[in-house]
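Down below is the structure, laid out as structure tokens.
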Amino acid sequence: MSAQAQMRAMLDQLMGTSRDGDTMRQRIKFTDERVCKSHLLDSCPHDILSGTRMDLGDCIKVHDLALRADFEIASKEQEYFFELDAAEHLQSFIADCDRRTELAKKRLAETQDEISAEVDAKAERVHELNEEIGKLLARAEQLGSEGNVDEAQQLLEMVEKTRILKKEAEDVYRNSMPASSFQQQKLRVCEVCSAYLGLHDNDRRLADHFGGKLHIGFIEIREKLEKLRVRKLRLFDTAQDDLQPKALDDIWEDRVQKMTSSRRITSIFRTLLHP
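What the sequence shown shows, in the UniProt record's numbering, is residues 1 to 275, in sequence order.
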């Protein structure tokens with residue numbers, strides 16, 4: 001992106017669609033159903049996973065930082081309940097990812113040599129320590145790049161201690177099975193991003209995974225989904241404290257009709273109001 005394009009994007013984000021009197025841009029409003037509500041709430045997977053090996057391409061709905069700025073300004077005066085649409089979007093995406101994770105686990109179980117529950121638990125312990133090392137290294141690298149050298153050094157010391165524990169766990173695992181079987185790459189599926197992790201992965205591979213844009217992106221999506229759920233519950237709790245159920249129904253239905261003609265969203269409101 002050129003410097004000029006970056007400057008325009010910054011102005012869009014700060015001032016919205018009316019920053020330069022562009023009437024053509026102002027023809028579409030952030031309330032338009034063609035606009036991605038997840039994008040308005042900075043939580044669209046198409047944005048978050050852009051540039052990763054799971055890049056989703058362009059979202060079918062409109063993404064515009066200026067519209068997000070318009071929404072952020074307007075939402076200070078009025079509640080739009082876009083959290084409902086965004087939460088549904090992310091929930092559907094995460095559900096698909098979790099299904100892929102379970103399928104990957106099933107495929108691994110079918111292709112890898114079967115081992116006893118006791119040996120599997122020992123292998124799982126090595127995987128857990130691998131994960132801890134990867135996360136610590138990724139965090140240490142991030143802190144180091146930010147200039148927090150002392151904190152990064154403390155994490156590296158923790159890495160060394162964890163490596164000792166991993167070596168002990170590997171010895172226990174190795175002694176529980178034939179040498180030929182130990183050399184086979186025992187894989188597991190990352191619960192966050194569904195990538196494959198190997199029992200014998202080196203530190204560089206672990207740090208690249210846990211500090212990589214894909215893994216971090218999935219963490220961000222899952223965290224944003226949880227925040228949307230909390231925000232959604234607070235909206236309902238606040239409204240129910242102030243209004244009788246019938247009045248609440250009328251107000252929300254009126255908002256929904258103004259916001260979108262989608263019967264699906266209306267159904268979500270009804271389900272949450274009267275579970």
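Every residue, glycine too, gets a C-beta built ideally from N, C-alpha and C.
With 16 as the cutoff for other CB atoms within 10 Å, does residue i come out buried or exposed?
i	result
residue 24	For residue 24, the predicted model reports a pLDDT of 49, less than 50, meaning its position is unreliable and no value from the coordinates is stated.
residue 60	exposed
residue 134	buried
residue 34	exposed
residue 113	exposed
residue 99	exposed
residue 73	exposed
residue 230	exposed
residue 38	buried
residue 192	buried
residue 138	buried
residue 169	buried
residue 103	exposed
residue 233	exposed
residue 149	exposed
residue 237	exposed
residue 85	buried
residue 58	exposed
Using DSSP with H/G/I as helix, E/B as strand and the rest coil, what is residue i?
i	result
residue 129	helix
residue 62	strand
residue 31	coil
residue 302	Outside the displayed range of the chain (1 to 275) lies residue 302, so it cannot be described from this structure.
residue 143	helix
residue 78	coil
residue 178	coil
residue 228	helix
residue 44	coil
residue 193	coil
residue 214	helix
residue 92	helix
residue 49	coil
residue 104	helix
By alpha-carbon positions, which one of the options ends up nearest to residue i?
i	options	result
residue 88	43, 122 and 124	43
residue 155	234, 82 and 207	207
residue 49	223, 233, 127 and 218	218
residue 127	163, 235 and 145	163
residue 198	123, 71 and 175	123
residue 31	67, 233, 173 and 120	67
residue 145	235, 211 and 177	211
residue 172	120, 132, 216 and 147	120
residue 178	95, 53, 234 and 115	115
residue 204	188, 153, 56 and 136	136
residue 105	235, 223, 226 and 195	195
residue 129	91, 65, 93 and 200	200
residue 94	224, 238, 236 and 76	224
residue 161	56, 235, 64 and 132	132
residue 118	189, 227, 82 and 174	174
residue 221	29, 101, 47 and 40	47
residue 107	53, 187 and 83	187
residue 82	157, 40, 45 and 238	40
residue 215	45, 28 and 69	45
residue 91	109, 141, 227 and 213	227
residue 96	69, 54 and 27	54
residue 29	64, 57 and 56	64
residue 167	86, 202 and 69	202
Name, in chain order, the residues that DSSP records as bridge partners for residue i.
i	result
residue 198	187
Just to confirm the assignment, what range does the alpha helix (DSSP H) spanning residue i have?
i	result
residue 39	37 to 40
residue 162	149 to 174
residue 115	Where residue 115 is concerned, there is no enclosing alpha helix (DSSP H), given that its DSSP letter is neither H nor E.
residue 206	203 to 210
Does any residue of chain C have a CB that is nearer than 7 Å to the CB of residue i?
i	result
residue 169	Although the question refers to chain C, the structure presented lacks it and comprises just one protein chain.
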